[in-house]
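Novice:
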Amino acid sequence: MSDKNKEDIKLLENFADICKRGFNQYDQVKEGYAIERVLRRIKELEEENQKYIVQLTDEQYRNLVDIIRKESKKEFEQKVKDKIEDLKLSGGSNGKDNVENLARELVIEVLEELLEDK
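The opening residue of the sequence shown carries number 526 in our numbering; numbering runs sequentially from there.
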């Protein structure tokens, strides 16, 4: 928790105390207790947030980045393979334009070369 947040919480705690004991009017006392409940919940959330802060060593960070890169590369390669397969299935010389077939074959060739260069 930052120093500013701690300072704000302390001010609100003091204000809640003043509301509860200083005025003795029902609404102000009620507001003081409401402020206390909100502050208690803020403190609980701050404690919960600390559980989710992860500290990685440099080596752990590099390993995590390597794993993510490998997974991304696998996904990309699979997408390229799927695209090649789609192009092969959609092709053929059943009366289609030879230019279209040639373009498809060139794209397939380029994609296959990209996979080989990995």
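We treat Cβ as the ideally placed atom computed from N, Cα and C, and that holds for glycine.
1. When you compare only the Cα positions, how much space is there between VAL579 and TYR586?
2. Mapping the DSSP letters down to three states, classify ASP642 as helix, strand or coil.
3. Would the region 596-606 and the region 564-572 be scored as touching if the rule is three or more Cβ pairs under 8 Å?
4. By Cβ distance, which residues of its chain are closer than 6 Å to TYR558, with the 5 residues on each side in sequence left out?
5. For ALA541, collect the residues of the same chain with a Cβ closer than 6 Å to its Cβ; drop the 5 residues on either side in sequence, then sort them by chain order.
6. To the nearest angstrom, how far is the alpha carbon of ALA628 from that of VAL635?
7. Which of helix, strand or coil does DSSP assign to ILE560?
8. Between ASN539 and the ligand HEM, is there a pair consisting of the residue's CB and a ligand heavy atom that are separated by less than 8 Å?
9. On a Cα-Cα basis, can you pick out the residue from GLN575, LEU536, THR582 and ILE543 that is closest to LEU564?
10. Give me the Cα-Cα distance between GLU638 and VAL624, rounded to the nearest whole angstrom.
Specialist: According to the structure shown:
1. Residue 579 sits at position 54 when you count from the first residue of the sequence shown. Residue 586 sits at position 61 when you count from the first residue of the sequence shown. So the alpha carbons of these two residues sit roughly 11 Å apart.
2. Position 117 of the sequence shown, counted from the first residue, corresponds to residue 642. Coil, per DSSP.
3. Taking 8 Å as the limit for Cβ pairs, the verdict is that the region 564-572 does not touch the region 596-606.
4. What you label residue 558 is simply residue 33 of the sequence shown in a count that begins at 1. Around TYR558: no qualifying Cβ.
5. For this step, residue 541 is matched to residue 16 along the sequence shown. Result list for ALA541: GLY557, ILE560 and GLU561, in chain order.
6. In the sequence shown, counting from the first residue as 1, residue 628 sits at position 103. In the sequence shown, counting from the first residue as 1, residue 635 sits at position 110. ALA628 and VAL635: Cα-Cα distance of roughly 11 Å.
7. For the purposes of this step, residue 560 is taken as residue 35 along the sequence shown, with counting starting at 1. In this structure, ILE560 counts as helix in the three-state DSSP scheme.
8. Because no ligand of any kind appears in the structure shown, any question about the ligand HEM cannot be addressed here.
9. As a first step, residue 564 must be located in the sequence shown, where it is residue number 39. Taking each of GLN575, LEU536, THR582 and ILE543 in turn and checking the Cα distance to LEU564, the smallest one comes out for LEU536.
10. Taking the first residue of the sequence shown as 1, we reach residue 638 at position 113. Taking the first residue of the sequence shown as 1, we reach residue 624 at position 99. When rounded, the distance between both Cα atoms is 21 Å.
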